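**Student:** Input: one structure, supplied below.
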Amino acid sequence: MPDQLLYAMEVTLNGLMAGVLYALVALGFVLIFKASGIFNFAQGVMALFAAATLVGIMDGQVPFSHLINAILGTKVHHFGWHIPAIAGILMAIVVMVFLAWAVQYFVMRHLVNQEPIILFMATIGLAYFLEGFSDLMWGSEIKKLDVGLPQGINIWIDETTYGWFGYGFFIDNLDIVATIIAALLVVALVAFSQYTKQGRAMRAVADDHQAALSVGISLNFIWVLVWSLAGFVALVAGIVWGTKSGVQFSLSLIALKALPVLMLGGFTSIPGAIIGGLIIGVGEKLFEFAIGPLVGGATENWFAYVLALIFLVFRPQGLFGEKIIERV
Amino acid sequence: MFYREAGDFSTTYAQDSQTFPIRFDRYRYYAVMALAFLVVPFVINDYWANAILLPFLIYAIAAIGLNILTGYCGQVSLGTGGFMAVGAYACYKLMTAFPEVNILFHVILAGGVTALVGVLFGLPSLRIKGFYLAVATLAAQFFLVWLFNRVPWFYNYSASGQINAPERTVFGIEVTGPNTEAWATYLFCLVFCAGSAIIARNLTRGTLGRTWMAIRDMDIAAEIIGVNPLRAKLSAFAISSFFVGLSGALFFAVYLGAVEVGEVFGINKSFLVLFMIIIGGLGSIFGAFAGAAFLVVLPVVLKLVGVDMMGWATDIVAHFQFIIIGLMIVAFLILEPHGLAQLSRLAKEKMRLWPFPH
């Protein structure tokens, strides 16, 4: 088989893996959007905050240590204990649930019935707040996150493909694990929203706020639930991305990667988020591989957006979005 | 007592439709203009010009531009940074290609080029709406920044990838380059800023502004009563981008002098200008000024208080700045969605009735 084709196949596979990771972030958006009509720009920063919190808890960092030191003149930085990953993750989930409650109580409760674009801008403000808060709480340096996920080249795939084509594919173990996690997460979320009482209530709220209220569903509870779920998805995304490239500011930018995925797949569809993620992942990797060298490289920054933009002009609601019906 | 329309009779149609119908407002406006043009240039120094006044004037132009698009026409744009970059690079290419032409024309032409690019990226707005469009404008942001970063023609093949403003004069006085004086750059920006504000104010209360507002309030209804959405949206994109391009050109040529596109015109710039109009007030020219002033002064004040008075490290103060800006945005959206401009409107209402409560 010619080399170019093999490279293209490897790039495609890596693109699929990257696409799964984008889809993972995009899922958090879809969840909140479906249940409350809020387009949550802060999802990426939530992933950053969740991952930083997890590292902080596991390493026993003192929260706000920089601020405490600056005010009191002390030199605290660590409690000096290490917490196993599973306990750390549980505690981080508690923190994310608390964050969900705070967002609902202090912000979203007051913005009921506002236009979607106002809510969108409010979440941009929330993103700024969380970004500063996260840095202030845990420090802004790059942190290493290790919860025991395998990393490095997958030997089995490398050897098998070498046996087939005489050329070993480089596939990261972490990407494979991430794919499995994402698949499990999707199955769990779909099962939750289809078969549990809370899931049904969630869909009822998404359908019609007032009707849901009138049959005795607590809006406040559902919204806290939804934001907690989004926080949980953010934590998972934060763990995977944090293991991959360290917990740092750029983690919050994955939200910007997820946006075109959403536009492509439609804001309201979980399968859409996944297929959109795969299309964008493969598309941008192949484009960079084929066209990138001709135009100076680094096309990954914008390719997804331009693809989504062109796509939207022909199908404004995305691949799987609900048909937009407007009335005067 | 003094803030009254009583006794101030209009005898012509022009008088009746003037921008400031109340005499006190009119005189205050003249006083502010006189202060800005005749007093400030004589007392200004480099610190005030570079830390507060220049960024304020330049951001005010950008905020006016974005306010036309978002506040008046209802199309949220997150591509302001990219369009400012278009203005900056257009100005740079014109300055280096036609050194004998006055820089005044370069800056205006840079606005024109940006208007064309704005129309191009505004085309999808005919099909997609709301935050789909907001996200679509991010395409402009990322693509344009990438373009200026990667295509060497735009930065004249310079080794550093930066663009540097050559020295240019207006009426024999240097306004760009390293040897400028504070008052000259200030006046140069002030002329553009005042001009933009007057043009924008008059556009928004004319036919064009009304069609924009009709589109903003409900585009289908507007279309039914005979507003052409194609013309209204694209003209909003064009005029908004024109002002944003002006501000980008000034930001590069007069204020910074040297620009690395990813750093200066990144997505944070887009958010900054958006925050200015949210805090200042959507759909108000005064709001653009108020918001720009607020967000230019806030970091300076925070630095004064945090670093100089409390002795904290700069990174802690920077984190606080994020927190405070985020909180302000959320608080304004909840408590006063029309921003500082609405607060000033309320104050005026109170003044008209004062000292009687009703």
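Each protein sequence line maps, in turn, to chains A and B.
Numbering-wise, the first sequence is residues 1410 to 1737 according to our numbering.
Numbering-wise, the second sequence is residues 193 to 550 according to our numbering.
For glycine and all other residues, C-beta sits at the position ideal for the given N, C-alpha and C.
Because the structure is a prediction, the values reported are computed rather than measured.
Could you tell me which residues DSSP pairs with D1616 (chain A) in its beta bridges?
**Tutor:** None; D1616 (chain A) has no bridge partner.
**Student:** Is the CB of I1684 (chain A) under 9 Å away from at least one CB in chain B?
**Tutor:** no
**Student:** Taking the alpha-carbon positions, what's the W341 (chain B) to T377 (chain B) distance?
**Tutor:** Note that residue 341 (chain B) is Asn in the sequence shown, not Trp. Here the C-alpha atom of N341 (chain B) lies approximately 27 Å from the C-alpha atom of T377 (chain B).
**Student:** Bridge partners of V1656 (chain A), per DSSP?
**Tutor:** BP columns for V1656 (chain A) point to A:K1552.
**Student:** In the DSSP output, what is H1487 (chain A) paired with across the bridge?
**Tutor:** A:Q1470
**Student:** Please name the residue or residues paired with A1435 (chain A) in a DSSP beta bridge.
**Tutor:** DSSP, once it has assigned bridges, lists no residue as partnering A1435 (chain A).
**Student:** Would G1534 (chain A) pass as an interface residue toward chain B - the criterion being a Cβ-Cβ separation below 9 Å?
**Tutor:** yes
**Student:** Measuring only between beta-carbons, confirm whether Y324 (chain B) sits less than 9 Å from chain A.
**Tutor:** yes
**Student:** Hey, G1446 (chain A) and A1615 (chain A): beta-carbon distance below 9 Å or not?
**Tutor:** The answer is yes: Cβ separation under 9 Å.
**Student:** Look at the Cβ atom of S476 (chain B), then the Cβ atom of G271 (chain B), and state whether they are nearer than 9 Å.
**Tutor:** no
**Student:** Is the Cβ-Cβ distance between I295 (chain B) and T361 (chain B) less than 9 Å?
**Tutor:** yes
**Student:** Short of 9 Å Cβ to Cβ, which residues in the segment 521 to 538 of chain B face chain A?
**Tutor:** I521, V522, A523, F524, L525, I526, L527, P529
**Student:** On the CB-based measure, 16 or more other CB atoms within 10 Å of its CB, does N1710 (chain A) come out buried or exposed?
**Tutor:** buried
**Student:** Which one of B:I320, B:L527, B:P291 has the shortest CA to CA distance from D411 (chain B)?
**Tutor:** B:I320
**Student:** I'd like to know whether the C-beta of N341 (chain B) is nearer than 9 Å to at least one C-beta of chain A.
**Tutor:** yes
**Student:** Confirm, please, whether the CB-CB distance from L315 (chain B) to L426 (chain B) is below 9 Å.
**Tutor:** Cβ atoms of L426 (chain B) and L315 (chain B): closer than 9 Å.
**Student:** Compute the Euclidean distance between the alpha carbons of I1688 (chain A) and I1719 (chain A), then round it to the nearest angstrom.
**Tutor:** 14 Å
**Student:** Between W240 (chain B) and chain A, is there a C-beta pair that is closer than 9 Å?
**Tutor:** no
**Student:** Among residues of its own chain, excluding the 5 on either side of F429 (chain B), which ones have a beta-carbon nearer than 6 Å to its beta-carbon?
**Tutor:** G310, V311, G314
**Student:** What's the C-alpha gap between V278 (chain B) and Q354 (chain B)?
**Tutor:** 14 Å
**Student:** Please return the same chain residues whose Cβ sits closer than 7 Å to the Cβ of H530 (chain B), not counting the five positions on each side in sequence.
**Tutor:** G473, L474
**Student:** Indicate whether at least one CB of chain B lies closer than 9 Å to the CB of Y1537 (chain A).
**Tutor:** yes
**Student:** Buried or exposed, going by whether 16 or more other CB atoms sit within 10 Å of the CB of G387 (chain B)?
**Tutor:** exposed
**Student:** If you draw a straight line from the C-alpha of S352 (chain B) to the C-alpha of K1653 (chain A), how long is it?
**Tutor:** 31 Å
**Student:** Using 8 Å as the cut-off, classify the Cβ of G279 (chain B) as near or not near the heavy atoms of the ligand ZN, replying yes or no.
**Tutor:** The ligand ZN is not among the ligands present in this structure, which contains no ligands whatsoever.
**Student:** One question on the structure: do T306 (chain B) and S462 (chain B) come within less than 9 Å of each other, judged by their Cβ atoms?
**Tutor:** no
**Student:** Using a beta-carbon distance below 9 Å, is F334 (chain B) in contact with chain A?
**Tutor:** yes
**Student:** Listed from N- to C-terminal order along the chain, which residues in the segment 1516 to 1530 of chain A have their beta-carbon within a distance smaller than 7 Å of any beta-carbon of chain B?
**Tutor:** Look at the segment 1516 to 1530 of chain A: the residues with a C-beta under 7 Å from a C-beta of chain B are V1516, H1519, L1520, P1525, I1526, I1527, F1529, M1530.
**Student:** How about E1568 (chain A): is its C-beta nearer than 9 Å to some C-beta of chain B?
**Tutor:** no
**Student:** List the residues that DSSP assigns as beta-bridge partners of I355 (chain B).
**Tutor:** B:V451
**Student:** Whose Cβ in chain B lies nearer than 9 Å to the Cβ of E1540 (chain A)?
**Tutor:** H511, F514, I515, G518
**Student:** Is the Cβ of L1628 (chain A) closer than 9 Å to any Cβ of chain B?
**Tutor:** Between L1628 (chain A) and chain B, the shortest Cβ-Cβ separation is not below 9 Å.
**Student:** Closer than 9 Å, CB to CB, is I459 (chain B) near chain A or not?
**Tutor:** Closer than 9 Å to some Cβ of chain A, the Cβ of I459 (chain B) qualifies, so yes.
**Student:** Near A1664 (chain A), which residues of its chain fall below 6 Å by C-beta distance, leaving aside the five closest residues on each side in sequence?
**Tutor:** Q1452, G1453
**Student:** Are the segment 1498 to 1518 of chain A and the segment 1428 to 1444 of chain A touching by the rule of at least three beta carbon pairs closer than 8 Å?
**Tutor:** no
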